[in-house]
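Visitor: Can you keep this structure in mind? I'll have questions shortly.
Protein chains in written order, with our numbering: chain P, 56 to 147; chain E, 56 to 147; chain L, 56 to 147; chain D, 56 to 147.
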């Protein structure tokens with residue numbers, strides 16, 4: 056992904072947060088925390104992962120489906136917005 | 056969706072099958088079939104619905120993100136294929 | 056499901072609403088409505104189906120895992136509530 | 056989860072594998088790997104997380120819904136198997 060530095064940093068921060076959540080799951084399992092706790096940690100990590108996926112898919116749609124420097128008018132941004140709104144609903 | 060007649064018929068056939076599955080759920084509930092039966096009917100209907108969604112999303116991506124008559128070279132079909140393969144994984 | 060009449064009626068009403076939503080999808084496809092419309096109808100129908108599934112699973116957990124007339128004290132309702140809260144998160 | 060040591064080790068091994076997958080996502084983002092690569096790593100990590108969740112939910116259902124030492128005959132294992140088979144379908 057050859058995107059802006061700023062955006063890359065945002066994605067990396069999300070991935071690091073997700074790693075922290077997975078490490079919390081490991082610690083909970085190692086310390087024999089209750090199933091309830093582990094299930095809730097897993098549900099949160101899953102939501103974080105879905106959020107990261109939604110961002111990466113959005114990136115991909117916005118950046119790679121059309122080379123916008125070469126074809127500045129070809130990309131139907133309204134159709135892309137509809138697609139991304141549906142994808143976000145399904146990733147939740 | 057102003058697509059080919061053939062494709063429209065395929066989508067309609069899927070939607071009709073899905074309606075049949077939902078009617079089977081209704082009948083199972085009305086006749087007080089076991090929870091097991093109802094849960095399995097629901098799981099099948101959900102898979103059918105996900106399959107229909109995957110087809111409509113594919114249609115949308117292939118047909119609406121770029122007007123290919125006006126911009127015949129703008130659409131990156133390889134990037135679109137990657138997107139659709141990921142979407143199908145998530146819709147399962 | 057040998058549950059109360061009232062509850063059966065509630066599930067049936069949900070299933071009928073879901074059928075109505077699937078019929079709307081069929082009509083939208085038949086009348087060549089836009090992909091956007093069809094995708095949004097599908098997303099709504101999917102949420103309705105997930106809601107029905109959540110109710111049936113809850114029923115199943117509450118009614119069938121333990122015969123409560125025979126074993127009135129055996130069922131851990133708190134553990135069941137944790138389970139159902141996690142399942143609802145995943146069915147959304 | 057006061058389960059067998061063996062089972063705890065199995066869950067921990069799964070959690071560690073999942074952490075490895077999340078670390079690979081971080082590295083891919085840091086090294087500006089393509090969106091495709093990141094999306095596929097995310098899809099695999101999501102499947103691994105769903106598998107871990109399925110195991111923990113199974114554990115919870117088998118171990119906590121009924122105290123089987125106190126109530127050895129109360130738990131309907133067939134009904135539980137139906138529930139778990141449906142949950143596994145949804146977690147995929």
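Each residue gets a CB set at the ideal place from its N, CA and C atoms; glycine is no exception.
I'd like the list of long-range same chain contacts for residue 104 of chain L, defined as Cβ closer than 7 angstroms, with 5 residues on each side in sequence excluded.
Guide: For this step, residue 104 of chain L is matched to residue 49 along the third chain. The residues are 73.
Visitor: Taking only beta-carbon positions, decide if residue 119 of chain P is within less than 8 angstroms of chain D.
Guide: Taking the first chain and counting its residues from 1, one reaches residue 119 of chain P at position 64. Taking Cβ atoms only, chain D reaches closer than 8 angstroms to residue 119 of chain P, which makes this a yes.
Visitor: What do you reckon, are the CB atoms on residue 130 of chain E and residue 121 of chain E nearer than 8 angstroms?
Guide: Along the second chain, read from residue 1 onward, the residue named residue 130 of chain E stands at position 75. Along the second chain, read from residue 1 onward, the residue named residue 121 of chain E stands at position 66. A contact, by the Cβ cut-off of 8 angstroms.
Visitor: Suppose you measure from the CA of residue 101 of chain P to the CA of residue 145 of chain L; what does that come to, to the nearest Å?
Guide: What you label residue 101 of chain P is simply residue 46 of the first chain in a count that begins at 1. What you label residue 145 of chain L is simply residue 90 of the third chain in a count that begins at 1. Going from the Cα of residue 101 of chain P to the Cα of residue 145 of chain L covers about 9 angstroms.
Visitor: Return the Cβ separation of residue 107 of chain D and residue 97 of chain P in integer angstroms, given the expectation that the two are a contact with Cβ distance under 8 angstroms.
Guide: In the fourth chain, residue 107 of chain D corresponds to position 52, counting from 1. In the first chain, residue 97 of chain P corresponds to position 42, counting from 1. Indeed, because the Cβ distance is near 7 angstroms, the residues count as touching under 8 angstroms.
Visitor: Which whole-angstrom value describes the C-beta separation of residue 81 of chain L and residue 70 of chain E, a residue pair presumed to lie in contact below a C-beta threshold of 8 angstroms?
Guide: Mapped onto the third chain, residue 81 of chain L falls at position 26. Mapped onto the second chain, residue 70 of chain E falls at position 15. Contact holds; Cβ gap of about 4 angstroms.
Visitor: Using beta carbons (cut-off 8 angstroms, strictly below), is residue 62 of chain L in contact with chain D?
Guide: Here residue 62 of chain L refers to the residue found at position 7 of the third chain. Cβ-Cβ to chain D under 8 angstroms: no for residue 62 of chain L.
Visitor: What residue range is occupied by the uninterrupted alpha helix (DSSP H) comprising residue 128 of chain L?
Guide: As a working note, residue 128 of chain L is residue 73 in the third chain. Where residue 128 of chain L is concerned, there is no enclosing alpha helix (DSSP H), given that its DSSP letter is neither H nor E.
Visitor: Can you list, in chain order, the residues of the region 72–94 of chain L whose Cβ is nearer than 7 angstroms to any Cβ on chain P?
Guide: Listed by position, the residues of the region 72–94 of chain L near chain P (Cβ gap below 7 angstroms) are 91 and 94.
Visitor: One question on the structure: do residue 90 of chain E and residue 93 of chain L come within less than 8 angstroms of each other, judged by their Cβ atoms?
Guide: What you label residue 90 of chain E is simply residue 35 of the second chain in a count that begins at 1. What you label residue 93 of chain L is simply residue 38 of the third chain in a count that begins at 1. Not a contact, by the Cβ cut-off of 8 angstroms.
Visitor: Kindly indicate which residue of P:75, P:65 and P:127 has the alpha-carbon position closest to the one of residue 148 of chain D.
Guide: An answer regarding residue 148 of chain D cannot be provided, because it is not within the stretch 56 to 147 covered by chain D.
Visitor: Looking at chain P, which residues of the region 132–146 of chain E have a Cβ within less than 8 angstroms of any of its Cβ atoms?
Guide: Per Cβ criterion, the list reads 134, 135, 137, 138, 141, 142, 145 and 146.
Visitor: Should residue 114 of chain L be flagged as near chain D, meaning a C-beta pair shorter than 8 angstroms?
Guide: Here residue 114 of chain L refers to the residue found at position 59 when the third chain is read from its first residue. Taking Cβ atoms only, chain D never reaches closer than 8 angstroms to residue 114 of chain L, which makes this a no.
Visitor: Could you spell out the range, first to last residue, of the alpha helix (DSSP H) harbouring residue 29 of chain D?
Guide: In the structure as shown, chain D starts at 56 and stops at 147, and residue 29 of chain D therefore has no counterpart that could be examined.
Visitor: Excluding the 5 residues preceding and the 5 following residue 67 of chain E in the sequence, name in chain order all residues of the same chain whose CB lies nearer than 8 angstroms to its CB.
Guide: Within the second chain, the letter at position 12 stands for residue 67 of chain E. Cβ neighbours of residue 67 of chain E beyond the five flanking positions: none.
Visitor: Looking at the unbroken alpha helix (DSSP H) that takes in residue 75 of chain E, where does it start and where does it end?
Guide: Your numbering for residue 75 of chain E matches position 20 in the second chain. Residue 75 of chain E -> alpha helix (DSSP H) spans 60–85.
Visitor: Apply the 10 Å Cβ neighbour rule to residue 62 of chain P and answer buried if 16 or more other Cβ atoms are within range, or exposed otherwise.
Guide: Position 7 of the first chain, counted from the first residue, corresponds to residue 62 of chain P. Per the 10 Å Cβ criterion, exposed.
Visitor: Can you list, in chain order, the residues of its chain with a C-beta nearer than 6 angstroms to that of residue 134 of chain E? Leave out the 5 residues immediately preceding and following it.
Guide: Within the second chain, the letter at position 79 stands for residue 134 of chain E. So no residue of the chain qualifies.
Visitor: Kindly indicate which three-state DSSP category residue 109 of chain E falls into: helix, strand or coil?
Guide: Sequence index remark: in the second chain, residue 109 of chain E carries index 54 (1-based). Correct three-state label for residue 109 of chain E: helix.
Visitor: Quick one: measure Cβ to Cβ for residue 147 of chain P and residue 147 of chain L, integer angstroms, because I've assumed they're closer than 8 angstroms.
Guide: As a working mapping, residue 147 of chain P is identified with position 92 in the first chain. As a working mapping, residue 147 of chain L is identified with position 92 in the third chain. That belief holds up - the Cβ atoms of residue 147 of chain P and residue 147 of chain L are roughly 6 angstroms apart, short of 8 angstroms.
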